[in-house]
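Undergrad:
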Amino acid sequence: MDVSYPEHAVAFGAEVHAWLVANLPAGWFGDGFTMPAAARKRFFEEEWPKRMYDGGWICASWPTEYGGRGLDLMESVALAEEFARANAPLRVSSLGELLVGPTILRWGTEDQKQEFLPQILKGEIIWCQGFSEPASGSDLASLACEGVIEGDEIVVTGEKIWTSEAEDSDYIFILVRTSPDKPRHAGISFLLMPMRQPGVEVIAKPQPDGSRGFNKVVFTGARCPLVNVVGEIDNGWRVAMTTLGFERGTSATTGYHRFRTEREEMFESARRNGAAKDPRVRQRLAQSWIVTEIMRVHGYRSLTNVLLDRNEPGLEMTHKVFWSDYSQWSTKLAIDLLGMNGQILTGADTDVRPGSVGLGTRPQMFEYPASPLQQSFFFARGESIYGGTSEIQRNLIAERALGLPKGP
Ligand SMILES: Cc1cc2nc3c(=O)[nH]c(=O)nc-3n(C[C@H](O)[C@H](O)[C@H](O)COP(=O)(O)OP(=O)(O)OC[C@H]3O[C@@H](n4cnc5c(N)ncnc54)[C@H](O)[C@@H]3O)c2cc1C
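For reference, each letter of the sequence shown is one residue, going 1 to 408 in UniProt numbering.
1. When you compare the region 220-235 with the region 101-121, are there three or more beta-carbon pairs, one atom per stretch, that lie closer than 8 Å?
2. Would you call the region 127-134 and the region 171-178 in contact, with 3 or more CB pairs under 8 Å?
3. Put Phe267 into one of helix, strand or coil per three-state DSSP.
4. Contact check, Phe322 vs Met295 under 8 Å by CB: the rounded distance?
5. Between Val156, Gly147 and Glu262, which lies nearest to Ala86 when the distance is taken from Cα to Cα?
6. Which first and last residues belong to the alpha helix (DSSP H) in which Thr254 is found?
7. May I ask whether a heavy atom of ligand 1 can be found less than 7 Å away from the beta carbon of Phe83?
8. If you compare alpha carbons, which of Pro89, Asp139 and Leu191 is closest to Gly236?
9. Between Arg260 and the rest of its own chain, which residues show a CB-CB distance below 6 Å, the 5 nearest in sequence each way excluded?
10. Kindly examine ligand 1 and report whether one of its heavy atoms sits closer than 7 Å to the Cβ of Gly70.
11. Taking three-plus beta-carbon pairs below 8 Å as touching, is the region 27-35 in contact with the region 46-56?
12. Is it right to say Ala240 is buried, meaning 16 or more other beta carbons lie within 10 angstroms of its own, or is it exposed?
13. Please report the distance separating the alpha-carbon of Ile188 from that of Ala144.
14. With a 10 Å radius around its C-beta and 16 neighbouring C-beta atoms as the bar for buried, classify Ser142 as buried or exposed.
15. Would the beta-carbon of Ala380 fall within 8 Å of that of Thr331?
16. Measuring CB to CB, does Thr318 end up less than 8 Å from Trp107?
17. Between the region 74-81 and the region 209-221, can you find at least three pairs of beta-carbon atoms closer than 8 Å?
18. Would Ala204 and Glu159 be called neighbours here (beta carbons separated by less than 8 Å)?
19. With a threshold of 7 Å (Cβ to nearest heavy atom), would Lys160 be considered close to ligand 1?
20. Compare the Cα-Cα distances from Gln374 to each of Val202, Ser211 and Ser324 and report the closest residue.
21. To the nearest angstrom, how far is the alpha carbon of Val357 from that of Pro194?
22. State the CB to CB distance for the pair Cys224 and Ile120, rounded to an integer number of angstroms; the pair is presumed to be in contact (CB under 8 Å).
23. Take every Cβ of the region 266-284, pair it with every Cβ of the region 332-345, and state whether three or more of those distances are shorter than 8 Å.
24. What's the C-alpha gap between residue 409 and Tyr386?
25. Check whether the Cβ of Gly137 sits closer than 7 Å to any heavy atom of ligand 2, and report yes or no.
26. Taking 8 Å as the threshold (C-beta atoms), are Ile126 and Ser164 in contact?
27. Among Asp309, Ser269, Ser136 and Glu312, which residue has its Cα nearest to the Cα of Gly388?
28. Along the chain, where does the alpha helix (DSSP H) containing Gln328 start, and where does it finish?
29. Assuming Pro89 and Trp48 form a contact by the criterion Cβ under 8 Å, report the distance between their Cβ atoms to the nearest whole angstrom.
30. Does DSSP put Ile58 in a helix, in a strand, or in coil?
31. Quick one: grab the DSSP three-state call for Ile294.
32. When the Cα of Asp181 is compared with those of Leu396, Glu146, Glu97 and Leu73, which residue comes out closest?
33. Tell whether a beta-carbon distance below 8 Å holds between Arg91 and Leu98.
34. Secondary structure at Gly213, three-state DSSP: helix, strand or coil?
35. Can you grab the Cα-Cα spacing for the pair Ala289 / Thr254, in whole Å?
36. What's the C-alpha gap between Gly96 and Lys113?
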């Protein structure tokens, strides 16, 4: 098996790496680098988007007529891997770049493309995703948030929950029920709705480590222009399925870099405090090496599947279950390695989870002083839930990859 990348992708990766060295804060790549949380937040919210834009890295895989660089798949992979290796945020607004932008490219009108894509590209709009509701998560098609057409607007009333980053967002891409009398998949519309207006209330739901960023959003007669419906009224289910496809298909080879970095940190921690001499700990550390290396190979397999247009069923779902299970297991191991100290909240002002991969790409402030490891431990509990729960993924693997009959 040859897992080397083509020459042009290797050269491109080197170009990206050189840019990262020149543009990340001085000392970033050195051992023991720290940066106060407030300075870090300021740098990545204010300075980084500008640098990313000037570097041409935002939405670099989009077509050139919409401001991207038209990168091919292997260049996109090289770009994502270099950022993941450097532990630097590749996305200014991950939901904008990875989910709603590609959805607008696929389904949007020319006017929607002209209005929204340049703003996503410059990092000017922050987006949140309004799919889940208090009584509709895995069974998303049961959603009840209502959208009533009034003149040239849709009036939205209802609740969304687990809305990541809603408190910072300018827009929400939201699913609403526009035709309650139609079959449930057929009466849903996909809207691009402004958040900063009367009738939108964001209620924070702090997490166990005190991090914010998770919310309930209540709409009472909020308004969305009709021209912001994506893919026609009542066609929102098909549009949303494209969006969820983007959500699940983006991290095949980059996730490994995050887990390898965490693995090396665990090895170092076990060497330092002597835990590495305990045979039971050694077994668990060896297991972490085995699983992360399988993850690497699985990433290559998923990539090959796309490159050769093979459409081997179940690979994305297997990947999601595999990495999220491992993440929960390995963060528990890392906390165990700290012994009783793992239970004391020891973070300082300098400790902010870098959050370069996955959903939490915007640096967050924490109310309690959890260390980065403790933050990862808590965050990992949700990884088997967002983007489709592990139970649902297993159902899909059973049906699509194994050809088993549909469950009850
Ligand atoms: C960190 C994080 C960020 C999130 N961000 C967002 C966001 O920005 N926007 C958004 O819209 N949503 C977001 N979500 C919500 C997420 O999409 C939902 O939590 C998820 O879809 C599950 O829905 P639920 O929580 O309602 O659980 P439910 O669907 O009620 O499921 C409860 C349990 O039952 C199991 N279950 C359900 N149906 C079946 C079945 N048919 N077979 C077997 N088991 C089943 C599930 O696996 C789960 O264990 C986020 C979630 C997390 C954890």
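Note that beta-carbon positions come from the ideal geometry of N, C-alpha and C, so glycine has one too.
TA: Concretely, from the data shown:
1. Three or more pairs of CB atoms, one per stretch, sit closer than 8 Å, so the region 220-235 contacts the region 101-121.
2. Yes: the two stretches touch, three or more of their Cβ pairs being nearer than 8 Å.
3. In the structure shown, Phe267 adopts helical secondary structure according to DSSP, grouped into three states.
4. Right, the Cβ-Cβ distance comes to about 7 Å (below 8 Å), so this counts as a contact.
5. Scanning Val156, Gly147 and Glu262 for the CA closest to the CA of Ala86 turns up Glu262.
6. Element bounds for Thr254: n/a, residue is neither H nor E.
7. Of the heavy atoms belonging to ligand 1, none sits nearer than 7 Å to the Cβ of Phe83.
8. Nearest option by C-alpha distance: Leu191.
9. Result list for Arg260: Thr292, in chain order.
10. The answer is no for Gly70.
11. Output reads no: the region 46-56 does not touch the region 27-35.
12. Its Cβ being crowded by 16 or more others within 10 Å, Ala240 is buried.
13. Distance between the alpha carbons of Ile188 and Ala144 is about 9 Å.
14. Looking at its Cβ environment, which holds fewer than 16 other Cβ atoms inside 10 Å, Ser142 is exposed.
15. Yes, the Cβ-Cβ distance between Ala380 and Thr331 is below 8 Å.
16. At a Cβ-Cβ threshold of 8 Å, Thr318 and Trp107 do not count as neighbours.
17. Touching, no.
18. Cβ distance not < 8 Å, so Ala204 and Glu159 don't count as in contact.
19. Distances from the CB of Lys160 to the heavy atoms of ligand 1 include at least one below 7 Å.
20. Of the candidates Val202, Ser211 and Ser324, the one whose C-alpha sits nearest the C-alpha of Gln374 is Ser211.
21. Because Val357 sits at a pLDDT of 31, beneath the cut-off of 50, its placement in the model cannot be relied upon, and the following sentence gives the value as read from the coordinates. So the alpha carbons of these two residues sit roughly 27 Å apart.
22. Cys224 to Ile120, Cβ: 18 Å. No contact.
23. Between the region 266-284 and the region 332-345, the count of Cβ pairs shorter than 8 Å is three or higher; the stretches touch.
24. Outside the displayed range of the chain (1 to 408) lies residue 409, so it cannot be described from this structure.
25. Here the bound small molecules are ligand 1; ligand 2 is not part of this structure.
26. Result no, Cβ atoms of Ser164 and Ile126 do not sit closer than 8 Å.
27. That would be Ser136, whose Cα lies nearest to the Cα of Gly388.
28. Bounds of the alpha helix (DSSP H) holding Gln328 are Leu315 to Leu337.
29. The C-beta distance from Pro89 to Trp48 rounds to 7 Å, short enough to fall under 8 Å.
30. Ile58 falls in the coil class under three-state DSSP.
31. If DSSP states are grouped into helix, strand and coil, Ile294 belongs with the helices.
32. The shortest C-alpha to C-alpha distance from Asp181 to any of Leu396, Glu146, Glu97 and Leu73 is the one to Glu146.
33. Contact: yes.
34. In this structure, Gly213 counts as coil in the three-state DSSP scheme.
35. Per the sequence presented here, residue 289 reads as Trp, with Ala not at that position. Each residue's alpha carbon lies about 16 Å from the other.
36. When only Cα atoms are considered, Gly96 and Lys113 end up about 13 Å apart.
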